[in-house]
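Q:
In our numbering, the protein residues as written are 21 to 191.
Structure representation (structure tokens):
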């Protein structure tokens with residue numbers, strides 16, 4: 021009987037996770053000042069054309085901060101910022117809708133002091149399902165496509181953030 025009950029729940033996609041990390045030669049407070057500006061991602065992410073702030077009601081009817089991102093590829097994403105204490109230096113958000121090849125996406129960017137003086141470690145973690153949100157997703161909407169897209173987006177973004185922060189630090 022237990023096997024039957026268990027198999028009834030095995031019809032959804034396997035949740036995926038991507039974590040990327042980079043060390044930046046800049047102090048953590050400076051990096052956090054840039055990252056905490058939720059709608060300013062276009063300033064440091066080379067794949068982002070624009071990011072427009074939106075204040076609107078979320079699914080629970082509460083006023084919330086959103087951003088509408090347009091990628092240079094033309095894809096659009098709408099993301100909602102989740103509230104976290106500023107002292108945690110953590111940006112927590114979720115995609116509410118978009119053309120990106122993932123579903124049920126939640127991202128967290130964490131800033132912390134590095135081991136060497138003047139260094140900061142930024143960790144970007146995403147949890148998501150494939151775009152089709154099914155176990156047997158078709159090619160292009162499958163786990164491999166979702167993971168590849170997230171890894172590329174994170175790698176490009178972290179490299180852009182590092183480049184910007186290290187140039188600012190030299191001025």
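Just so it is clear, CB atoms sit at the ideal spot from N, CA and C, and this is done for glycine as well. Because the structure is a prediction, the values reported are computed rather than measured.
1) Measure the alpha-carbon distance for residue 144 versus residue 127 and round it to whole angstroms.
2) Let's see if you can read the secondary structure: which residues bound the beta strand (DSSP E) around residue 55?
3) With DSSP run on the structure shown, which of helix, strand or coil describes residue 157?
4) Out of 68, 88 and 186, point me to the one whose CA is closest to residue 75's CA.
5) What are the boundary residues of the beta strand (DSSP E) that residue 71 is part of?
6) With H, G and I counted as helix, E and B as strand and the rest as coil, what does DSSP make of residue 41?
7) Quick check: the Cα distance between residue 80 and residue 179, rounded to an integer number of angstroms?
8) Sort out for me which residues DSSP pairs residue 113 with in a bridge.
9) Pick out whichever of 140, 177 and 122 has its Cα sitting closest to the Cα of residue 33.
10) Thinking C-beta only, is residue 115 closer than 7 Å to residue 139?
11) Out of curiosity, what's the CA-to-CA distance linking residue 86 and residue 73?
12) In terms of residue numbering, what span does the beta strand (DSSP E) encompassing residue 86 cover?
13) CA-CA distance, residue 67 and residue 82?
14) Kindly indicate the opening and closing residues of the beta strand (DSSP E) around residue 192.
15) Output needed for residue 192: all residues of its chain with C-beta closer than 7 Å, excluding positions within five of it in sequence on either side, in chain order.
16) Taking 7 Å as the limit between beta carbons, can you name the residues of its chain near residue 55, skipping five residues before and five after?
17) For residue 78, which residues in the same chain have their Cβ closer than 7 Å to its Cβ, ignoring the five residues on either side in sequence?
A: In brief:
1) 7 Å
2) Here residue 55 belongs to no beta strand (DSSP E); instead the alpha helix (DSSP H) covers 48-55.
3) coil
4) 88
5) 68-77
6) strand
7) 35 Å
8) 101 and 127
9) 122
10) no
11) 6 Å
12) 83-91
13) 30 Å
14) As displayed, the chain neither begins before 21 nor continues past 191, which places residue 192 out of reach and without an answer.
15) For the chain, the structure presents residues 21 to 191; residue 192 sits outside this window and is missing.
16) 111, 129 and 131
17) 84 and 100
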